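Colleague: Below is a structure I'd like to ask you about.
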């Protein structure tokens, strides 16, 4: 199911266009990614797809800029 918003690892709300960083790269500014699409996978969590390619679980990302 396509969603309009997601919650990151800190409980902050994000949306399409938000800038996020994976929890493993929290200190690396070069690893910022822009959210392109948000898909709910039910019990599997929410996946966020990036304009730069690839995807990640929203609970593994930190919002840098909304």
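In the working numbering, the protein residues as written are 2 to 67. Note that beta-carbon positions come from the ideal geometry of N, C-alpha and C, so glycine has one too. This structure is a prediction, so every number in the text was calculated from the model and none was measured.
Go ahead and label residue 66 buried or exposed: buried means 16 or more other beta carbons lie within 10 angstroms of its beta carbon, across all protein chains shown.
Modeller: exposed
Colleague: Between which residues of its own chain and residue 1 is the CB-CB distance below 8 Å, once the five residues before and five after are set aside?
Modeller: Residue 1 cannot be examined here, being either before or after the span of the chain that is shown, 2 to 67.
Colleague: What does the alpha-carbon distance come out to for the pair residue 46 and residue 9?
Modeller: Here the C-alpha atom of residue 46 lies approximately 11 Å from the C-alpha atom of residue 9.
Colleague: What does DSSP give as the partner residue(s) for residue 15 in the beta ladder?
Modeller: 7
Colleague: Could you tell me the boundaries of the beta strand (DSSP E) in which residue 58 lies?
Modeller: Element bounds for residue 58: 56-58.
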